[in-house]
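So the structure is just underneath, and the comments pick up after that.
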Amino acid sequence: MMEIGLNHYLILSTILFAIGLVGIMRRKNLLLLFFATEILLNSVNIAFAAISHYYNDLTGQMFAFFVIAIAASEVAVGLGLLIVWFKRHGNVDLDTMSSMRG
Amino acid sequence: MFDHILSILIFFPALAGVFGFMIQKESMRAYGISVAFIEFILSLWLWFAFDSNVSGMQFMEQMALIPSFGISYILGVDGISLFIIILASFFTMIGIASLTETPNEKNMIITLLFLQMTMVGVFAALDAIVFYVFWELSLVPMLYIIGAWGGPLRVYASVKFFLYTFMGSLVMLVGMLFMAYFFYQATGVWSFALLDWYRLILPESFQLWLFAAFFLGFAIKVPMFPFHTWLPYAHGQAPTIGSVILAAILLKMGTYAFIRFSLPLFPDASVFFMYPIAIIAIIMIIYTAMVAYAQKDVKQVVAYSSISHMGVIVLGTFALNVEGISGSIFLMIAHGVVSGALFLLVGVIYDRRHTKMMDQFGGLAHVMPRYATIFGVMLMASVGMPLTINFVGEFLSLLGFYEQSHILTLLAGVAIVVGAIYMLAAYKKMFFGDVTIEENKNLPDVNKRELVALIPLTIITIWLGVYPKPVLEPINNSVEAVVQLMHNKATTEEAKTRIPDLTQGIEITRTAMKEAH
Amino acid sequence: MLAPVNVSLESLNLMTLAPMLIPIIGALLILVIDLFKSNLDKTLYVGISLLFLFIDFIAIMDASGVFVQDGTVMGVFDVMLIDGLAILSQFIIVGVSMLFIPLALTHKRFHEFSYPEFFALFLFMISGFQFMVASDNLILIFVGLETASLALYTLIAMHNRDKSFEAAVKYFTMGALAAGFYSFGAMVFYALTGSVEINQIAAVLEANGYADIAYVLVGVAFMLASFAFKLSIVPFHTWTPDVYEGSSAAMAGYMSIVPKIAAFIVAMRIFEFLVHSGIVWLEVVLYVFVVVTMTAANMWALVQSDVKRMLAYSSISHAGFVMAAILIGTTQSNSALFMYWILFSFTNLGSFTMLWISRQKHLPAYQRTDHSFDKFAGMIKTSPMAAIIMALFMLSLAGIPPFALFWGKLYMISSAVTSGYTMLALIMALNSAIAGYYYVKLIVYMFMKEPVVGNDGHVYVTNATLALKSIIGFAAVGTIFAFLAVNPLLEFVTAFVYNSGY
Amino acid sequence: MFEAVAFYLFAFLTISMFYITVTTSQALYALTALAAGMIFISAFFFILGADFLGAVQIIVYTGAVMAIYAFGMMFFDSTRSVREKQGNKYIISGLAILSAVLVVLIFAAPMISTNMTAFYPSIEGAGNTQEVGMVLFTKYLIPFEVAAVMLLVAMIAGIVLAGKKMDLSLTLMNQAEIDEIKKEQDKKVLS
Amino acid sequence: MEKYLYIALFAPLVSSLFSALFTATPKKQFVGIVASLLIFAAFVSSSILLTHIIGGGEVVHVELMTWMATGDLYIPFGFVVDQVSVTMMMVVTLVSTIVHVYSIGYMDHDKGFNRFFAWLSAFVFSMMVLVMSDNFAGLFIGWEGVGLCSWGLIGFWFHKEIATWAANEAFIMNRIADLGMLIGLFLVYWNTGTLQYEGAFAAMPSLDPATLTWIGIFLFIGAMGKSAQFPLHTWLADAMEGPTPVSALIHAATMVTAGVYLVVRSNELYDLIPHVGLFIASLGAFVAMFAASMALVNRDMKRIIAYSTLSQLGYMFVAAGLGAYWVALFHLMAHAFFKALLFLGAGNVMHAMHDELDPFKMGGLKKTMKWTFIMMTLASVALAGIYPLAGFFSKDLILEVAFVEHHYIIYSVLLITAGLTAFYSFRLIALIFHGEERYKLFGIHPHEAYKFMLVAMSPLLLLAIIAGSFKISYFEMVTNVLPELEYHIHHPVTFWIMVIGTQLFVIAAIAFAYKKYANSSVKVPDGTSKMENSIAYKILKNQYYIPYAYEEYLVKPYREISDVFWKQVDLKIVDATVDGIAGIIYSTGEKTRDMQSGNLSTMLKWMVAGTVGLLSLAVVFGLAVRYFDEILAVLSGLGV
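Residue numbers (the working numbering), protein chains in the order written: chain E, 5 to 106; chain C, 507 to 1023; chain S, 483 to 984; chain G, 306 to 496; chain D, 25 to 664.
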């Protein structure tokens, strides 16, 4: 228990990922929903860093690095989309977005 | 010219159809008739040039289409397909000639020309995929014809027709792909060429499955019980021309395919499935005849009668001997002529009264004697009166099957009774008695345009009933080849005995016959 | 201390980068032009894009020449991978893009095409897809994927309607979740093998004999989820109809082809070796995916009242159909995948273009959505030629021979048959029959119904310009005469797939 | 020992922060918790010796991403509590817990094949940043450049979407209106 | 001689086609005349052929052309004129010539005059094909052809519901029998390899008896239909709805005897299977009595004669079944003459009575219709078998045959029937021509038929009287091809007792009939008399309730089952299944489309759910692999 191995990190990562999933499913406010996606990516980053550490291999860090970059760009686009929507509708509630169905 | 006559026969109408877009609306009928006439002359030429002593394929054309997958454009006719091709071109011709005033006549004629391409293509194709292409493609014009010019339920009927047959043929396609794969396994080469496939002898277990796959496609097209329910709708809703071509040619695709594919490819399976199929055929014969008797709509009567007759054709096919198969092919032609004519006749009265309900008629023989006469002739042909075209086919089919099973033939023979019942009942309702309905009192008799279509059919009906030899002989020669092939390929003991070996004894009878003359 | 790294320029094989760089340069050029002189006409940008795509195409041809000669080429620290799959898929990507770009030249003005950014983003997106397919490094795949996706979200939103924003947001959010799945899956694989390169992952797993099968399966599950999203496999498909409906018809057509082929390539790379390693689980799951996707999507397509939405479901179904190739995993099936997709791209782009050409800005009262079925009622009476072409595309999609898609279906089903997936082959065939219904439904509307009062047929060509018409003509000719092209195509594709080891 | 304590501490902190993020009804709390969680994650990076990554994490996430989110939040005026209609909570928690349990079930067991050969091993005697630099600019040069393109795309996308370009629909306007707008724009440029 | 054969065969066809040309035009007298002349030409040719054959000439055999040839099957249009067929040809052409001529007068006022001759001549042609064919298939052509013409002629007055109904009934019933015939043909072909009489009969002796029995049975089923044997007899009485000349020609003289002809033609077969022959004879005897009994009480002139025909057919079958083929043929010939005469006479009466058929409404007509009276009386005498008229020779012979062959039951049945025959025949004569002139009550003014009609009938009268005298020469001719069986009752006393006894019995029956019906007390029955209310009378009146039973237990159920098949099975099961499958697919789509709620949150949930689904599968599988050994151990511990 006290010896922290790779599995601990992987489990932590999984738990965080699951929390992210909760957020994804639970949030109706799109902005808060985007927070949850950040959690997903971050949880994976921990695992990458840990694997990198335990394998003594840098690829994991690289992956984490790119994931951060991707997360950042997603924020830009996502917020852009939200702003457009907000300008038109004055809210960012995804329940209002259901003009297309079936 | 002869080298490519089949290609010309196939693509000439389509090409003409494409050019037809440029023709002015009023002139379209003349254009259509001339194209169909040329096509008919070409098909007659085909017959003229056809050597009826050769049992194999003639006018073969071959061109690699997708060599890496073994698909080639191979065409050819033998006695089996020759007459159906002629029938197809003939019916297209008289169909267009007798076309009554229709909205969008131009579209109709162009569609018919395309339909003709697919029909000829199906019967001339000797490559499974090419066959399949035309087979499927033929659904499209028919879909349009029924759907655009049909009765009140036309959309339902046409879509049902399309999807039902489409579904069946897709299963058949899977079967074809399997067949090609087995061929590939056996030889290391992909091929969809039918003549290549003929050389392949499959184990019985494979045959059974493949037979079943092909059967579904064919059975729906025929249509065999219990896959027949699309037909009454299709016929009931289709315009006259649609019904005529559907009954005369399209249904024949199924039975033709049985002879072209199922029998020679899967002789053992054919023997294995002979009894089940015969039972289905008998159900078709009796059951649909009874259903036909219950109909109130004369077109439905003819439609169900088609199913009933197709039952006899199927039965003859699965007699697996020369008499039966020749008979069934002949009956295909016969039924094409007769049911085509009957649908035309129904169309005649429909044009006048805009109803097909039999209780709306009665006593028509008083006001339309010529019509009644022609109808009577066709009726008698339909019930299989000797010296009409149908009898020859029915007689031979039943005769052939009698060798396989006595009791089933006896049951199938009930066709001649039940057929008479519904037909005579319908005739009685329509033509006999007094004219009770006011509108019927002044109906004009058949006019010239209708006679143009009906007289040739009547002549053929009698002519081929009295003297079927010119047609029967080429059929016979080709069928003998098929039967011999089946016998040679059969692997099970039962199949060997069920399918006659023609190398024995045939010479003797042939020479005996020649001496008799 | 670190020793300096010596890298010889030849060993980098920089030529492998050329096809991806060309669109990037094009995009930058467009941005620069816009900097200097704004408000230039869209034709300029269409021209530039076409030009660069054309050059790109030539570069790919060049690469294919190299491939034919030397086989698979790795480049730039073995990140780039130019094999048959990469080349074939790039051909499709760039080719379809070239067909798509002229669709901007509509008769009516549309918001997105008024901005040069659209074209820049479009070219960026293409390069993103190209990176995605031309690599077996999960990182580069991820980055390429995101580049393309982010650009795509924007392109959808730029259509500038409520529905398109909604579509973009939905797509984006689900894409973000899928990205999460992807990275988690990649993480598991990395944890298992210490590598993020697919061939090395495969090699390591092979070496230890899939000892940690449970781990592998978790990784595969997440990867599968993420690609199932991209490929719109049920139940990850839910974005597809909405996004297609929200975006312009042209864009929807494009989306049904290009992103999917890119995703297919990656899926092939990732899953193929797993399928071949005999993991029953994967086989079962893929089987279920294929069957459920085909069937369910078909059922939903049946009940649609909007043509575009119907086509959206139909393309889900097609994706499921093609997914079977990955399940089967033989050379024949993989070739069939390409065959199918190439033929599908013609037909599908054609049919979406037909919708695009008839796109109105203001909907009349009888029409609830852009392309409701009613709109096409009686089309044969008012504009016969358009109706016939539309019917042609529908028949091709339904798999009626001899039109394009039939040959794809034929080869695909054949590949199932050859590898013993008999039931699958039957299910595929029967699904084609179900699909027949909704394609025919449109034909029924066009050919067998009376036009809605007030519809004089002008609506069907409201957007028509020479460019659009030529694209349709091109697609139509391709659809009809596909049978002539099937053989060379088949040989070409099979050679490339086979030589790439798939 | 220290490592274990640190791991459990930060694990607890991150989990609680993220839990708050996804459950709180106050957008501001969520944002703050998220930022805190990000920082705690960077702690893991430091523990694991990925110093560069830790730094990047703090700068990019807490510095940039959170700032953007904060701006967004202000823009959307969602500082007050967010009202969200909730569907079936059991489905949500069930799915999430199930997924966690399932994965954990697998991850709890050690991997059998642990003797990995590192393809890009850490270099003896070099700092983490240097190592990262070495790999990033050789092996991952192309992804790096593509990431640059991606950021460019994101930037353009952000500008296009959030800027004025999407305010009016050119699709629905007629030519005269557009000319009007253009003229105004020109005026502004001239003045 | 072939020339004459062709004339005999094709003259009727030409006649038919010629008349057919004018079907659409109003009545043309010359159509009837030309048709009659052509038929007469056929008659002349037949006579020439007959003399040729009698003169010991060779059998004329021609093969016109191939009809069907496929596989081993070879069927030509071949025709043969031998002793048997020439007899039939004579009968057919003679009676038809007379009927044609008669019809010119009878159909004088009918709109369908021309059409009538077309049909009638077509019938003659079919009949000629039937009798002249040299193979079973050709026979079948004629067989069906006469069926067709019979249909057309029974339903000639197609505006009458009952006539068309009767036509259809006749056709369908014949078809049922034809099926049997067809099966017989198939059996012949597959067992002998040919359908030519010559080859087939030659091959038969070597076949096993079971097969032969079946062949015999099926061919006889065919014969039963045409010859209206029980249980397929009902159509004949109903067929009387057709014009009377038709009844005379088709339903008395020619077509109905086709069955007898078939049996006679197949004598070589039936000789091999005497048990079937016995069955035929028994059935014949039964029908003879059965039909006669129905004739006793019937009140329809034509139906009475029809039942009498039926009864006489029974006699013929008795003879044929017992192997006395030439006797059967002889009776056939004789019967044709007097029965046709009887019918034509009845036609005259009908004409005179304005289509009234109930003899009870006539009476005393001998004054106005003298010639008809004489003819019909003589015909009835011939029918009753009184010496020296035709009936005596032929009918007595059949009784003798039955006696000699020791079939005493058959003999006694036939004897009783002979009495019944005499009774009902003269009941009819008495009611029509004697007694009160009851027709006056109905305001009818009867008149004698045209002269030329009576003249036309006269040859029949003559033949009915003298036909018996041909017996010996006929016997000599026919036995060239038929088994040469002479029947002599060995003891002359027995012979004379029998002959005289029979004659006395018959005369007594006639006397009784006259006594009962030739007096002035006969009234038009009103359904109140005691006799009319007796059970026996009702049974006979209703034809043993057989038509009723057919209607109730065959026709109605058929109609109802058809309806059920269509409305319940076809629409509600078969079609509904197809539509149901499509419906299920469609409604599944309709029901599950809510999955696409358009709400992003739901979509995300679906994605997560999908992933979780995949994961759970993965974990189950993964754990199963991981703990494979343990699971195995547990399972084996459980004893699985």
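No residue lacks a Cβ here, since even glycine has one placed at the ideal position from N, Cα and C. Please read all numbers here as calculations on a predicted model, not as lab measurements.
* Asked: From the beta carbon of threonine 448 of chain S, is the nearest beta carbon of chain G less than 9 Å away?
  -> Nothing can be reported for residue 448 of chain S, as the shown portion of chain S is limited to 483 through 984.
* To do: Alpha carbon to alpha carbon, how far is glutamate 168 of chain D from leucine 206 of chain D? Give it in angstroms, no decimals.
  => As a first step, residue 206 of chain D is located in the fifth sequence; it is residue number 182 there, counting from the start. As a first step, residue 168 of chain D is located in the fifth sequence; it is residue number 144 there, counting from the start. Going by the C-alpha atoms only, they are around 11 Å apart.
* To do: Would you check if the stretch 840-847 of chain S and the stretch 935-948 of chain S touch, i.e. whether three or more CB-CB distances between them fall below 8 Å?
  => yes
* Do we get a CB-CB distance below 9 Å when we pair alanine 332 of chain G with the residues of chain D? -> By one-based count along the fourth sequence, residue 332 of chain G stands at place 27. Closer than 9 Å: no.
* Could you give the distance in angstroms between the alpha-carbon of tyrosine 638 of chain C and the alpha-carbon of threonine 624 of chain C? -> On the second sequence, position 132 is the one that residue 638 of chain C refers to. On the second sequence, position 118 is the one that residue 624 of chain C refers to. Cα-Cα distance, rounded: 10 Å.
* Asked: Three or more C-beta pairs closer than 8 Å, one from the stretch 913-924 of chain C and one from the stretch 843-854 of chain C: is that the case here?
  -> no
* What in chain D is Cβ-close to lysine 652 of chain S, meaning under 8 Å? -> Here residue 652 of chain S refers to the residue found at position 170 of the third sequence. Within chain D, the residues near lysine 652 of chain S are Leu624, Met627.
* To do: Please decide whether aspartate 940 of chain C counts as near chain A, where near means a Cβ-Cβ distance under 9 Å.
  => The question asks about chain A, but that chain is absent: this structure's protein chains are E, C, S, G and D.
* Bridge-paired residues (DSSP) for aspartate 1007 of chain C -> Within the second sequence, the letter at position 501 stands for residue 1007 of chain C. None; aspartate 1007 of chain C has no bridge partner.
* Asked: the stretch 150-165 of chain D: which residues have C-beta closer than 7 Å to a C-beta of chain C, in chain order?
  -> Phe164, Ile165
* Asked: Would you call the stretch 551-565 of chain S and the stretch 444-464 of chain G touching, i.e. three or more CB-CB distances under 8 Å?
  -> yes
* Which of helix, strand or coil DSSP assigns to serine 157 of chain D -> One-based indexing of the fifth sequence puts residue 157 of chain D at position 133. DSSP places serine 157 of chain D in strand when its eight states are reduced to three.
* Could you please give the first and the last residue of the uninterrupted alpha helix (DSSP H) stretch that includes threonine 636 of chain S? => Taking the first residue of the third sequence as 1, we reach residue 636 of chain S at position 154. Counting along the chain, the alpha helix (DSSP H) containing threonine 636 of chain S begins and ends at 620-639.
* Provide the residue span of the alpha helix (DSSP H) that contains glutamate 614 of chain D, from first to last. => Translated into the one-based positions of the fifth sequence, residue 614 of chain D becomes position 590. That run of the alpha helix (DSSP H) goes 599-616.
* Asked: Is the stretch 408-417 of chain D close to the stretch 315-323 of chain D, with three or more CB pairs under 8 Å?
  -> no
* Straight-line Cα distance separating valine 728 of chain C from isoleucine 514 of chain C -> For this step, residue 514 of chain C is matched to residue 8 along the second sequence. For this step, residue 728 of chain C is matched to residue 222 along the second sequence. About 27 Å.
* Using a Cβ-Cβ cut-off of 9 Å, state whether glycine 106 of chain E counts as contacting chain D. => The sequence position of residue 106 of chain E within the first sequence is 102, counting from 1. True, the Cβ-Cβ gap to chain D drops below 9 Å.
* Does the Cβ of valine 766 of chain S lie closer than 8 Å to at least one heavy atom of the ligand GTP? -> What this structure holds is no ligand at all, so the ligand GTP is not there to describe.
* To the nearest angstrom, report how far apart threonine 1015 of chain C and histidine 841 of chain C are at their CA atoms. => Locating residue 1015 of chain C in the second sequence gives position 509, where the first residue counts as 1. Locating residue 841 of chain C in the second sequence gives position 335, where the first residue counts as 1. Note on threonine 1015 of chain C: pLDDT 48, under 50, position unreliable in the model; no value is reported.
* Asked: Can the beta-carbon of methionine 151 of chain D be found closer than 9 Å to that of threonine 268 of chain D?
  -> Numbered from 1 along the fifth sequence, position 127 holds the residue referred to as residue 151 of chain D. Numbered from 1 along the fifth sequence, position 244 holds the residue referred to as residue 268 of chain D. No, Cβ-Cβ distance for methionine 151 of chain D and threonine 268 of chain D is not below 9 Å.
* Asked: Around the Cβ of tyrosine 810 of chain C, are there at least 16 other Cβ atoms within 10 angstroms (buried) or fewer (exposed)?
  -> Counting from one through the second sequence, the residue named residue 810 of chain C turns up at place 304. It counts as buried.
* Specify, as a first and last residue, the run of the beta strand (DSSP E) that valine 86 of chain D falls within. => As a position in the fifth sequence, residue 86 of chain D is number 62, starting the count at 1. Note, valine 86 of chain D: beta strand (DSSP E), 84-94.
* To do: Let me know the secondary structure DSSP gives valine 487 of chain S once reduced to three states.
  => As a first step, residue 487 of chain S is located in the third sequence; it is residue number 5 there, counting from the start. The answer is coil: DSSP assigns valine 487 of chain S none of H, G, I, E or B.
* **For alanine 1022 of chain C, three-class secondary structure by DSSP** => Locating residue 1022 of chain C in the second sequence gives position 516, where the first residue counts as 1. Below a pLDDT of 50, predicted positions are generally treated as unreliable, and alanine 1022 of chain C, at 47, falls in that range; the measurement from the model is reported next regardless. Alanine 1022 of chain C: helix per DSSP, three-state reduction.
* To do: Compile a chain-ordered list of the residues in the stretch 458-477 of chain G whose CB is closer than 7 Å to at least one CB of chain S.
  => Val458, Ala459, Ile461, Ala462, Val465, Leu466, Lys470, Met471, Ser474, Leu475, Thr476, Leu477
* To the nearest angstrom, how far is it from the Cα of glutamine 435 of chain G to the Cα of leucine 441 of chain G? -> Along the fourth sequence, one-based indexing puts residue 435 of chain G at 130. Along the fourth sequence, one-based indexing puts residue 441 of chain G at 136. In a straight line, the C-alpha of glutamine 435 of chain G is about 10 Å away from that of leucine 441 of chain G.
* Asked: Using Cβ-Cβ distances below 7 Å, what residues of the stretch 562-578 of chain S are close to chain G?
  -> Met562
* DSSP beta-bridge partners for methionine 556 of chain S? -> The residue given as residue 556 of chain S occupies position 74 in the third sequence. Paired residues: S/Leu563.
* **Cβ-Cβ distance between valine 110 of chain D and serine 70 of chain D below 9 Å** => To locate residue 110 of chain D, count along the fifth sequence from 1; it is residue 86. To locate residue 70 of chain D, count along the fifth sequence from 1; it is residue 46. Closer than 9 Å, so yes.
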